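Residue numbering for the sequence shown follows the numbering used here, beginning at 1 and increasing consecutively.
This report concerns only the one structure given below.
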Amino acid sequence: MNTALHCSNCGSNTIAMPENSIDESVVICPSCGTELGLWGDLIAVALDRARENFEKTSNLTLWNALYGAESMKSK
């Protein structure tokens with residue numbers, strides 16, 4: 001599951017949680033110093049991506065449970 005957030009400037013996927021963070025805390029890329037956004041917004045994006053990945057995985061798992069993995073190969 002890929003929920004990684006990346007810096008739009010340098011591509012780093014390292015995000016340091018601000019100390020004593022609140023939703024309005026500004027998150028800075030530790031690699032290049034670019035402002036990535038607000039902590040609350042970044043968490044919301046990560047949760048949305050996780051939910052989307054879960055839904056995709058769950059649907060595939062359900063499909064395989066009902067029809068078997070072999071039926072996917074014929075499509």
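All C-beta atoms, glycine included, are put in the ideal place defined by N, C-alpha and C.
Just so we're clear, the structure is a prediction, and the values are computed from it rather than from any experiment.
In this model, T34 and S58 are separated by some 35 Å (Cα to Cα).
Straight through space, the alpha carbons of Y67 and D41 are spaced by roughly 39 Å.
By the beta-carbon neighbour count (other beta carbons within 10 angstroms, threshold 16), V45 is exposed. Take C10, set aside five residues on each side of it, and the residues of its chain with a beta-carbon closer than 8 Å to its own are C29, S31, C32 and T34, in chain order. Residue state for G37 is assigned as strand, using DSSP reduced to three classes.
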